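Listed in order, the protein sequences are those of chains E and Z.
Residue numbers for the first sequence follow the UniProt record's numbering, beginning at 1 and rising by one.
Residue numbers for the second sequence follow the UniProt record's numbering, beginning at 1 and rising by one.
No residue lacks a Cβ here, since even glycine has one placed at the ideal position from N, Cα and C.
The model shown is predicted, which means the values in this text are computed figures rather than measured ones.
Protein chains: 2
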Amino acid sequence: MGSTIPPAQHARLLCRQNLLTNTAGIAPGYLQANLLVLPAKYASDFHDLCLRNPVPCPLLGMTADPGDPSAVRPAECIQSSDFDVRTDFPRYRIYSGGKLMDSRSDLVEVWGNDHVAFLIGCSFSFENALTAAGLPPRHQATGTLVAMYRSNIPLLPAGVFTGGNCIVSMRPYRPEEIEEVRAITRAYRLTHGEPVAWGWDGARQLGIVDVNKPDFGQPQTFKEGEVPVFWACGVTPQMAVEAAGDKIKGLVFAHEPGHMLITDLTSDALQSSKPRNI
Amino acid sequence: MGSTIPPAQHARLLCRQNLLTNTAGIAPGYLQANLLVLPAKYASDFHDLCLRNPVPCPLLGMTADPGDPSAVRPAECIQSSDFDVRTDFPRYRIYSGGKLMDSRSDLVEVWGNDHVAFLIGCSFSFENALTAAGLPPRHQATGTLVAMYRSNIPLLPAGVFTGGNCIVSMRPYRPEEIEEVRAITRAYRLTHGEPVAWGWDGARQLGIVDVNKPDFGQPQTFKEGEVPVFWACGVTPQMAVEAAGDKIKGLVFAHEPGHMLITDLTSDALQSSKPRNI
């Protein structure tokens, strides 16, 4: 059976059955997505937040109609007719009043008749490209979670979302590797693109005092002479929700970090610099 | 003659003949554009800079082929076949090595065979909407230039453009007017959209110590109880060029502040939230 199912759809079915958890390294070449689900009355503001902050919040797609967990636009994002955003991520988080309340394997019982889901680009995509170029991210070699930090780059406000800063992920590289690392990841415009800062000066500019104390994920080891390189991170939208607090009425859902959706978009499709109508 | 020429084209002809200088208030309802012109080898990086920083650098259009000053895409941006980006702004600035070198009324003698021109949205558009709603910007009432400041919001790097901060413009409003002011300007996504910060706390967050000492333009008067409201500003791309310094070889051109291009795009066209392929 598996041989006739496209690899991304196969991975989604495994996630739906909770046979897959962490999706790092799954279905190489296919784009993975972060999730944010909101009541419809906040969907326009969140859409604006993505358009105004496309580096931390690159919009890959969204559900087409409030309450409908199946249809996604643009259509090339998810091509299987049985898709269900409530089940096809491996694991979900539930927020209320800006606070994390619960974690569960599907959203079937909590999904409302006006929820709208947003799919946000994830840096897993460009990590494959870095590895292919002989520049593998340290956290893959060490089997750790990537280190993430709250930066002082403000999210530009959009409607009800008036707070929160950009979260950044960090991978160590040697100074002479940075221009190649920048060039490789630049093309991945829908999955955060090139770094936002690099070097020890870059860390200071982002307000990061101690790279050995990440706010999320795990500390990374530095080899001699290596410096930190920082990319915008898809956890950022969750920070915007936390900052909005009880201005948002009703339940908000997100993916559990590392537990992504495998989409039908390919890395090749990312090479285009054209913004798409979403 | 004037009655048969569309108003935007009529204004461009006056600018071409240098019969118009400051374009504030000219051809209401038509979008005005900031300009940045670069040698073709930097065009991809600057295009990326706009896509990664769409609030200060909203891309309205660009010339279609290096060296050709006439054809603009998308076509709806400029609909007259005799358009020439070297003459149809009232006044231009010339940069070399990141430094302002000269100001002149056309670019005919300095335009090279590989120059590419970018048209960037301008806040003149949403000012008309604010005035129509009974919330006229103070600088219009007092006949001054809008106050502009260097903020601490970093431009997210793109290729050769690795420095510079967002420039913000400021208009005073009463606190109880701010939500309406935000809602009105939110729709103008291609001309900086809603404010990036407001209130005295907002000024501090942007790193602005004294609103009475703007970095560009003129100080604005505050009536009792009014607070500053800040929007991203189209002067920002010039800061990116200055920050790039002598990493950019060859001449760079920009408009003279306040001396904009009148495009054929209308304010109505801005109400769409859809990004366009440019």
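Per DSSP, reduced to three states, the secondary structure at Ser96 of chain E is strand. Contact of Val55 of chain E with chain Z is assigned, a C-beta pair being separated by under 8 Å.
Val108 of chain E and Thr185 of chain Z have their C-alpha atoms some 38 Å from each other. Here Thr266 of chain Z carries a strand assignment [DSSP, helix/strand/coil]. Close to chain E, meaning a Cβ-Cβ distance shorter than 8 Å, are the following residues of the segment 155 to 166 of chain Z: Leu156, Pro157, Ala158 and Gly159.
For the segment 230 to 246 of chain Z, the beta-carbon criterion of a distance under 9 Å to any beta-carbon of chain E is satisfied by Ala232. DSSP lists E:Ile167 as the beta-bridge partner residues of Arg150 of chain E. Going by DSSP, Ile184 of chain E is part of the alpha helix (DSSP H) stretching over Ile178 to Arg186. Contact between the segment 227 to 235 of chain E and the segment 197 to 207 of chain E is established, with three or more Cβ pairs separated by less than 8 Å. Between Cys15 of chain Z and Pro69 of chain Z, the C-beta spacing is not below 8 Å. With a threshold of 16 other beta carbon atoms within 10 Å, Glu179 of chain Z falls short and is exposed.
With 16 or more other Cβ atoms inside 10 Å of its own Cβ, Met62 of chain Z counts as buried. Asp48 of chain E belongs to the set of residues whose beta carbon lies under 8 Å from a beta carbon in chain Z. Taking a C-beta distance under 8 Å as the contact criterion, Val196 of chain Z and Pro157 of chain E qualify as a contact pair. A straight line joining the alpha-carbon of Gly245 of chain Z with that of Leu60 of chain Z spans about 25 Å. Per the coordinates, the alpha-carbon of Ala129 of chain E lies some 30 Å from the alpha-carbon of Ala243 of chain Z. A Cβ of chain Z is located within less than 8 Å of the beta carbon of Gly193 of chain E. Under a 10 Å Cβ-count criterion, Asp210 of chain E is classified as exposed, with fewer than 16 other Cβ atoms of the shown protein chains found around its own Cβ. DSSP places Pro39 of chain Z inside the beta strand (DSSP E), whose first and last residues are Tyr30 to Pro39. Between Ala240 of chain Z and Phe118 of chain Z, the C-beta spacing is not below 8 Å. Inter-segment contact for the segment 123 to 141 of chain E and the segment 24 to 41 of chain E is present: three or more beta-carbon pairs are separated by less than 8 Å. Look at His139 of chain Z here: in three-state DSSP terms it is helix. Excluding residues up to 5 positions away in sequence, Gln220 and Thr221 lie with their Cβ nearer than 8 Å to the Cβ of Thr142 of chain E in the same chain. Annotation: the continuous beta strand (DSSP E) that includes His255 of chain Z extends over Leu251 to His255. Restricted to the segment 64 to 126 of chain E, the beta strand (DSSP E) segments that are unbroken, complete and at least 3 residues in length are 92 to 96, 99 to 104 and 115 to 121, listed in chain order. By the CB criterion at 8 Å, Met148 of chain Z and Pro214 of chain Z fall inside the cutoff.
Taking C-beta atoms as the reference points, Arg93 of chain E and Glu256 of chain E count as a pair closer than 8 Å. In chain order, Leu155, Met239, Ala240 and Ala243 place their CB closer than 6 Å to the CB of Gly164 of chain E, counting only its own chain and leaving out the 5 sequence neighbours on each side. Between Val181 of chain Z and Leu145 of chain Z the beta-carbon gap is near 20 Å, outside 8 Å, which marks them as no contact. Annotation: Pro137 of chain Z to Arg174 of chain Z spans about 12 Å, alpha carbon to alpha carbon.
Between Gly250 of chain E and Pro7 of chain E, the C-beta gap is not smaller than 8 Å, which leaves the two residues out of contact. Within the same chain, Cβ atoms closer than 6 Å to the Cβ of Arg12 of chain E are found at Asp88 and Ile262, the five residues on either side in sequence being excluded. In this model, Arg86 of chain Z and Glu194 of chain E are separated by some 33 Å (Cα to Cα). By the 16-neighbour rule on beta-carbons within 10 angstroms, Asn53 of chain Z is buried. With its beta carbon less than 8 Å from one in chain E, Leu51 of chain Z belongs to the interface. Pairing Ile167 of chain E with Glu224 of chain E, the inter-Cα distance amounts to about 26 Å.
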